[in-house]
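Chemist:
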Amino acid sequence: MDTATEVRTHILDWYEDHFVEFPWRSSRSPYHSLVGGFCTQQTQMSRALETHARWLHAFPTVANLAAAETSEVLRVWGKTGYPKRAVYLQRAAQQCMERFGGEIPSELDDLLSLPGVGPFTAEIVRCFGFGLAVLTVDTNIVRIFGRVFEGDLQPIKDTSKDRIKEISEQFIALGRTDLINPALMDFGASICTGRPRCDECPVSDICKAASKFISGQVPEPQRKNKVYAGSDREWRGKILELLTRYSRPVSEKKIRKILSLESDEQTQRLLMGLEKDLLVSRQNQLVKLG
DNA sequence: AATTCGGGGCA
DNA sequence: TGCCCAGAATT
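Under the numbering used here, the first residue of the first sequence carries the number 13, and numbering increases by one thereafter.
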């Protein structure tokens with residue numbers, strides 16, 4: 013039995029005892045999966061689940077979403093983070109209406125052509141929405157594969173994408189991706205985490221990185237965070253939050269005053285950035301959401 | 001290849 | 001405080 017087969021068997025056994033349902037997994041709805049894919053991009057499951065439920069309540073169908081006001085879309089997205097995702101998701105829905113007869117496509121290239129849809133989200137839709145035999149290679153699966161098969165501590169940085177793809181294809185060839193895909197994702201989210209729990213891991217005796225972790229080695233940060241306080245990101249969030257609270261457009265002057273922005277130049281720069289990202293629009297010094 | 005883009009949770 | 005989180009687009 014080769015290593016991939018053995019790892020797969022152990023992970024599937026683990027999954028039997030740690031199965032968790034997610035609303036976009038069993039529903040086998042391309043739309044629910046698409047929303048799930050967007051919600052989970054760089055976002056913890058707890059918050060993604062809340063956004064997903066809120067979103068489907070507000071926009072039950074692709075047609076509803078496509079026809080909605082963008083300001084409403086941004087309000088429903090709320091403080092989920094990366095609000096551009098909300099705009100992309102609505103535009104993706106609009107393109108599905110225009111280009112794909114109101115249906116979400118199942119072809120990889122078609123999905124990838126939608127705004128805000130990359131390899132991860134596309135495969136989420138294909139795996140959970142359409143039940144196709146694919147793996148959604150997310151950060152969790154990269155971590156597991158890079159560690160178990162290559163002995164890398166921080167595979168996001170250290171393991172080549174080609175190698176990850178090779179291993180993925182091995183797993184796909186072994187079948188039942190409908191089981192092994194969520195099993196791997198959940199396993200990576202709870203056992204093979206950034207600081208893995210090798211003492212609870214069912215494949216630690218196979219994993220090429222386990223001895224390194226057990227002897228106390230620590231992975232390098234996958235990316236160094238910049239200071240958030242006072243950053244454009246923080247200001248953009250404050251401006252959007254302000255516009256979300258008001259039901260009508262707000263003047264640029266008022267925005268600057270309420271938020272105590274340093275200068276008109278800074279205010280203009282931030283608003284231009286938000287406008288470029290289609291998060292706000294401006295007319296006659298008045299700023300509105302969407 | 002590096003940077004940008006939120007916001008919250010947790011050690 | 002620093003790092004992380006079911007990524008994707010832009011430069």
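By construction, the Cβ of each residue, glycine as well, lies at the ideal position given by its N, Cα and C atoms.
1) Identify the continuous alpha helix (DSSP H) that holds S58 and give its terminal residues.
2) Taking C-beta to C-beta, are G141 and R66 nearer than 8 Å?
3) Hey, quick one: how far does the alpha helix (DSSP H) through L252 stretch, first residue to last?
4) Skipping 5 residues on each side, what residues in its chain have a beta carbon closer than 7 Å to that of R294?
5) For the segment 127–146 against the segment 36–50, do three or more pairs of beta-carbon atoms, one drawn from each stretch, fall closer than 8 Å, so that the two count as touching?
6) So for K236, helix, strand or coil by DSSP?
7) Run the CB neighbour count on Q102, radius 10 Å, all protein chains shown included, and call it buried at 16 or more, exposed below.
8) Using 8 Å as the cut-off, can you tell me whether the segment 112–125 makes contact with the segment 87–100, which would need three or more C-beta pairs spanning the two stretches below that distance?
9) Applying the 10 Å Cβ sphere with the 16-neighbour rule, what's the burial state of N76?
10) Pairing CB atoms from the segment 238–248 with CB atoms from the segment 269–284, are three or more of them under 8 Å?
11) Tell me, please, whether the segment 198–206 touches the segment 249–267 by the rule of three or more beta-carbon pairs shorter than 8 Å.
12) Going straight from the alpha carbon of L252 to that of G90, what length do you get?
13) Give every residue of the same chain whose Cβ lies closer than 7 Å to the Cβ of Q182, excluding the five residues on either side of it in the sequence, and list them in chain order.
Modeler: Short version:
1) Run containing S58: 57–70, per the alpha helix (DSSP H) assignment.
2) For G141 and R66, no; Cβs fall outside 8 Å.
3) Start and end: 244–257.
4) For R294, where only same-chain residues beyond five positions count, the Cβ hits under 7 Å are L283, E287.
5) Taking a cut-off of 8 Å for Cβ pairs, the segment 127–146 and the segment 36–50 touch, as three or more such pairs fall below it.
6) The three-state secondary structure of K236, taken from DSSP, is coil.
7) That one is buried.
8) No: fewer than three Cβ pairs fall under 8 Å.
9) It counts as exposed.
10) Three or more beta-carbon pairs drawn from the segment 238–248 and the segment 269–284 are found closer than 8 Å, and the two stretches are therefore classed as touching.
11) Short answer: they don't touch.
12) Per the coordinates, the alpha-carbon of L252 lies some 9 Å from the alpha-carbon of G90.
13) Excluding positions up to five away in sequence, the list reads A16.
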